[in-house]
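J.: Just so we're aligned, residue 38 is where the sequence shown starts under my numbering, counting upward by one.
I'd like to ask you about the structure that follows.
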Amino acid sequence: MNDNLLRMSVCGRDIILIGTAHISRESIAEVDRVIREEKPGVVCVELDEARYASISEKDNWEKLNVTRVFREGKGFLLIANLVLSGFQRRLGNEMGVKPGEEMKTAVLTAKELGIPFAFCDREVQITLRRAWARCGLWNKSKLMASLLSGAFTTEKLGEAEIENLKKRSELDGMMSELADYLPPVKETLIDERDRYLAAKIWTAVGRENTAAVVGAGHLAGIKAHLENMAAGREDSDVSELDRVPPRSPLSKAAGWIFPIIIIALVALGFLRSGAGGSLAMLLRWVLWNGSLAALGSLIALAHPLAIIATFAGAPVATLSPFIGVGLFSGLAQAYMRKPRVEDAQNINEDITSIKGIYRNRILRALLVFFLSSLGGVAGNIISIPGLAGQLFK
């Protein structure tokens, strides 16, 4: 008996759960075989429309407008998406199989046989944004560090690791590792997706058999949720899982911490030492904040004008919680080094190496955005104790 093929009857409807490993040739063949043999009334796949487009359209990244990304404040989200894409590409190169190929096969086979199909997974962007919203500053730093280290490692996989990867989804495996590393986001990365997949499969169930192609790691969770829904113990409405929770008042207030502290220190400097003292403190802060932000841009080998824009924009960004220094540096870099068509075409390949990131103008602009943002935060953290020490010495 195949442990990754689960049959269950729910309210008189037969559901076949096909558990797959997204980097296994055997899974690709099995998905095609089961759909052809069973001829279900509908095929559900563990994909959302955006992920399906990313594995089926070669020019998907050519539609990317990086300047718009910066203006809309989605720089960190795009970085996370690209890192996941690079992680998948690296595994695909190791295994000789494109990640998600068995999901693509399920859709193509269903189309060939005239069987309706449905995407039943939640958008990765929503999953990441919900996880991001659950993280504090420290956990957000850990999340970005984990994503980046997973994408840029050059370590080759051993035979035991390759066999283990064949037993699970590459995305699910990364999500599981992140959940272990960051317990506060486990519910978002693991539990919510099991419930979401089960609800979408439940909704798609019709008068005929339903086949659902999902990562093998989801089988137990989906089965439990489907049984609860059939017994009336659980609602199949998961619309709340498609929404990003609003920022808490504390989170909104956190953006004002640096501006309030800096303004308060400079004001105290004026009261203690007059205009000269407060001006000296202000200049010291501008130098620390602007210089470290500019250093981040310099490390990213930004255009000289982008480095200047970073230095000038960092203090402004600090005093306004509604914009970040990355907006100034990223836009300046994208303007001075306009992305080319080949940058979009090669983005999935270039994200897998440091050399590729520096060569690709889209990725370079994102690197400038990221490192200048880190530099600006570091400048504030370093300068505040220095200002306080100057005030009370």
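For every residue, glycine included, the Cβ atom is placed at its ideal position computed from N, Cα and C.
So what's Ser273 in DSSP terms, helix, strand or just coil?
T.: If you number the sequence shown from 1, residue 273 lands on position 236. Three-state result, Ser273: coil.
J.: Once the 5 residues before and after Ile259 are set aside, which same chain residues still bring their CB inside 8 angstroms of it?
T.: For the purposes of this step, residue 259 is taken as the residue at position 222 of the sequence shown. So the list reads Leu54, Asp231, Leu234, Ala235, Ile238, Ala249, Val251, once near-sequence residues are dropped.
J.: Thinking C-beta only, is Ala331 closer than 8 angstroms to Gly367?
T.: For the purposes of this step, residue 367 is taken as the residue at position 330 of the sequence shown. For the purposes of this step, residue 331 is taken as the residue at position 294 of the sequence shown. Cβ atoms of Gly367 and Ala331: not closer than 8 angstroms.
J.: Report the start-end ranges of each alpha helix (DSSP H) in the region 359-406 that is 4 residues or longer and not cut off at the edges.
T.: Runs of the alpha helix (DSSP H) inside the region 359-406: 362-373, 378-382, 384-387, 391-396.
J.: Whose C-alpha, out of Tyr89, Ala168, Thr389, Phe156, is nearest the C-alpha of Leu278?
T.: Your numbering for residue 278 matches position 241 in the sequence shown. Among Tyr89, Ala168, Thr389, Phe156, the Cα nearest to that of Leu278 belongs to Ala168.
J.: Could you give the distance in angstroms between the alpha-carbon of Arg398 and the alpha-carbon of Ile152?
T.: As a first step, residue 398 must be located in the sequence shown, where it is residue number 361. As a first step, residue 152 must be located in the sequence shown, where it is residue number 115. Going from the Cα of Arg398 to the Cα of Ile152 covers about 42 angstroms.
J.: Quick one: what's Val80 bridged to in DSSP?
T.: As a position in the sequence shown, residue 80 is number 43, starting the count at 1. According to DSSP, Val80 bridges with Phe154, Ala248.
J.: CB-CB under 8 angstroms to Ser315, same chain, minus the five flanking residues each way: which ones, in chain order?
T.: Taking the sequence shown and counting its residues from 1, the one referred to as residue 315 is at position 278. Cβ within range, chain order: Val303, Ala304, Gly306, Phe307.
J.: Measure the alpha-carbon distance for Val281 versus Phe107 and round it to whole angstroms.
T.: Within the sequence shown, the letter at position 244 stands for residue 281. Within the sequence shown, the letter at position 70 stands for residue 107. Taking the straight line joining both Cα atoms gives about 20 angstroms.
J.: If Trp322 and Ser410 are in contact, beta carbons under 8 angstroms, what's the gap, nearest whole angstrom?
T.: Here residue 322 corresponds to residue number 285 of the sequence shown, with the count starting at 1. Here residue 410 corresponds to residue number 373 of the sequence shown, with the count starting at 1. No, Trp322 and Ser410 are not in contact; Cβ-Cβ is about 17 angstroms, not under 8 angstroms.
J.: Quick one: grab the DSSP three-state call for Gly56.
T.: By 1-based counting over the sequence shown, the position of residue 56 is 19. Gly56: strand per DSSP, three-state reduction.
J.: Run through the DSSP bridge pairs and tell me what Arg44 is partnered with.
T.: By 1-based counting over the sequence shown, the position of residue 44 is 7. Paired residue(s): Ile53.
J.: Count the other CB atoms, across all protein chains shown, that sit within 10 Å of the CB of Glu83; report buried if there are 16 or more and exposed otherwise.
T.: The residue you call residue 83 lines up with position 46 of the sequence shown. Looking at its Cβ environment, which holds 16 or more other Cβ atoms inside 10 Å, Glu83 is buried.
J.: Do you know how far the Cα of Ser273 is from the Cα of Met19?
T.: In this structure the chain extends from 38 to 430, so residue 19 is not present and cannot be described.
J.: With the cut-off set at 8 angstroms, would you say Ala90 and Ala155 are in Cβ contact?
T.: Here residue 90 refers to the residue found at position 53 of the sequence shown. Here residue 155 refers to the residue found at position 118 of the sequence shown. Not closer than 8 angstroms, so no.
J.: Where does Arg280 sit, in a helix, a strand or coil, going by DSSP?
T.: Locating residue 280 in the sequence shown gives position 243, counting from the first residue. Arg280 falls in the coil class under three-state DSSP.
J.: Starting from the Cα of Val80, find the closest Cα among Ile336, Ile391, Thr247 and give me that residue.
T.: As a first step, residue 80 is located in the sequence shown; it is residue number 43 there, counting from the start. Closest option to Val80, Cα to Cα, is Thr247.
J.: Using a threshold of 8 angstroms, state whether the C-beta atoms of Leu256 and Gly56 are closer than that.
T.: What you label residue 256 is simply residue 219 of the sequence shown in a count that begins at 1. What you label residue 56 is simply residue 19 of the sequence shown in a count that begins at 1. Yes, the pair counts as a contact, with Cβ atoms nearer than the cut-off.
J.: Whose C-beta lies closer than 6 angstroms to the C-beta of Leu43 among residues of the same chain, with five residues either side of it excluded?
T.: Position 6 of the sequence shown holds residue 43. Hits under 6 angstroms: Leu54, Leu256.
J.: Inspect the beta-carbon positions of Arg171 and Val222 and report whether they are closer than 8 angstroms.
T.: For the purposes of this step, residue 171 is taken as residue 134 along the sequence shown, with counting starting at 1. For the purposes of this step, residue 222 is taken as residue 185 along the sequence shown, with counting starting at 1. Yes.
J.: Less than 8 angstroms between the CB atoms is what I'm expecting for Ala351 and Ala369, so what's the real figure, rounded?
T.: By one-based count along the sequence shown, residue 351 stands at place 314. By one-based count along the sequence shown, residue 369 stands at place 332. The pair is not a contact, with the Cβ atoms about 12 angstroms apart (cut-off 8 angstroms).
J.: What's the gap between the Cα of Gly412 and the Cα of His340?
T.: Numbered from 1 along the sequence shown, position 375 holds the residue referred to as residue 412. Numbered from 1 along the sequence shown, position 303 holds the residue referred to as residue 340. So the alpha carbons of these two residues sit roughly 17 angstroms apart.
J.: Just tell me which of Pro77, Val47, Ser46, Gly333 has its CA closest to the CA of Ala415.
T.: Translated into positions along the sequence shown, residue 415 becomes position 378. Of the listed residues, the one whose Cα sits closest to Ala415 is Gly333.
J.: Using alpha carbons as the reference points, say which of Glu75, Asp158, Arg159, Ala87 lies closest to Thr146.
T.: If you number the sequence shown from 1, residue 146 lands on position 109. Closest option to Thr146, Cα to Cα, is Glu75.
J.: Is Ala337 helix, strand or coil when you go by DSSP?
T.: Walking along the sequence shown from the start, residue 337 turns up at place 300. Looking at Ala337 - three-state DSSP - the assignment turns out to be coil, as it is neither helix nor strand.
J.: Report all residues from its chain with a CB closer than 7 angstroms to the CB of Ala425; omit the five preceding and five following residues, and keep chain order.
T.: Counting from 1 along the sequence shown, the entry for residue 425 is found at position 388. So the qualifying residues of the chain are Leu302.
J.: Name the two residues that bound the continuous alpha helix (DSSP H) containing Trp169.
T.: Against the sequence shown, residue 169 aligns to sequence position 132. Residues 161-171.
J.: With a threshold of 6 angstroms on Cβ separation, who are the neighbours of Ile52 within its own chain once the five nearest residues in sequence on each side are excluded?
T.: The residue given as residue 52 occupies position 15 in the sequence shown. Taken in chain order, the residues that qualify are Met45, Thr247.
J.: What separation, rounded to the nearest whole angstrom, lies between the Cα atoms of Gly361 and Arg73?
T.: What you label residue 361 is simply residue 324 of the sequence shown in a count that begins at 1. What you label residue 73 is simply residue 36 of the sequence shown in a count that begins at 1. Taking the straight line from one Cα to the other gives about 53 angstroms.
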